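Residues in the sequence shown are numbered consecutively from 6, following the working numbering.
Structure record follows, encoded as structure tokens.
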Amino acid sequence: LDRLHVDTIELPVIQDAKADVLAGKTIASVVGSTALSATCGMTEESVEQAWESVKGARRPALHIMAPVSAIQMEYQCHKKAPAMLELVRALVSKARYYTESVEFSAQDATRAERHFLYEVLAAAVEAGAARAVVGSAAVTHPEVLDYAIAQWGADRVAVGIDCLNGKVRTAGWEADSGLDFLDFARQMEERGVRTLIFTDISRDGTLSGPPVALLEELSKAVSCGVIASGGIGGIEDIRALLPLGLAGAID
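Listed below in structure tokens is the structure:
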């Protein structure tokens, strides 16, 4: 991946502290120009472990992913909104202590209360996140997207397009928005979005190869940077994407 000049390799949340940290350190020791990002869990200790695993890389980064809907905050973290805000601040601040390359992703944002989505994005950015990913919340809360771009600039905001059979899905992929993915992408570009993360739901987790034809359509329809997600299973899949000139790919 490094020889293919992949921009970022992202490691999953650490499950086995000793084995996973060692694996991350090993990868960090051989990666050159590619950024190595570690996904953090929902504790400050997990941020410390994530940093330990990637700090030896030339371009280390940390990724905070937090649920922002009431149901997922309760289910995953057993927290209400005020406590979740404090946790997000603490986790991002901890990550920012180690590196400037901190990304924050709001999970299940389409089901979040609008005012809380404002608050949690602001908390993450003010605590030091270099970029906030709002996912498909731009479908249900476009005004939050407008606010984020106006407040922090388009380079610090990314929108996710979760697609199934050509239509944008929301609410954790459960709801069909009825929006054509290309039309939605164009709408996002008109709002000032510069980065789109495209996930083909039918391929996610299958390792069956990326949706090259859909990605080609998308890259021709907008001038935004497109990051491919879903179906990537190996080096050959990355090579298949190179001629498209995408901004990145998530394995």
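The beta carbon of each residue, even a glycine, is placed where N, CA and C say it ideally should be.
Quantities reported herein were computed from a predicted structural model and do not represent experimental measurements.
Boundaries of the beta strand (DSSP E) harbouring S42: 40–45, taken from the DSSP string.
The three-state secondary structure of K30, taken from DSSP, is helix. Classified as buried, D205 has 16 or more neighbouring CB atoms from the shown chains inside 10 Å of its CB. In the structure shown, R116 falls within a helical segment according to DSSP collapsed to helix, strand and coil. Counting along the chain, T145 sits inside the alpha helix (DSSP H) bounded by residues 142–145.
Your pair I19 and G46 checks out as a contact, with CB atoms roughly 7 Å apart and the cut at 8 Å. Judged by their CB atoms, V173 and A129 are not nearer to each other than the 9 Å cut-off. The Cβ atoms of D151 and R196 lie closer than 9 Å to each other.
Bridge partners of T13 according to DSSP: A40. If you draw a straight line from the Cα of R208 to the Cα of L6, it is about 21 Å long. Taking C-beta separations shorter than 8 Å and ignoring five residues to either side along the sequence, the partners of V125 in its chain run A71, V73, M89, L90, V93, A111, A117, following chain order. For D25, the secondary structure class from DSSP, reduced to helix, strand or coil, is helix. Between A155 and E108, the gap from beta carbon to beta carbon reaches 9 Å or more.
If you compare the alpha carbons of A135, S182, V11, E79 with that of A143, the shortest gap goes to S182. I76 is classed as exposed because its beta carbon has fewer than 16 other beta carbons within 10 Å across all chains shown.
Our two residues, Y80 and S141, have alpha carbons roughly 21 Å apart in a direct line.
The continuous alpha helix (DSSP H) containing I243 extends over residues 240–246. Using a Cβ distance threshold of 9 Å, V198 and A134 do not count as a contacting pair. Taking 9 Å as the cut-off, the Cβ atoms of V26 and I243 do not count as close.
Ranked by Cα distance from P216, the options Q54, G236, A40, I240 are led by G236. Around the beta carbon of D21, a 10 Å sphere encloses fewer than 16 other beta carbons of the protein chains shown; the residue is thus reported as exposed.
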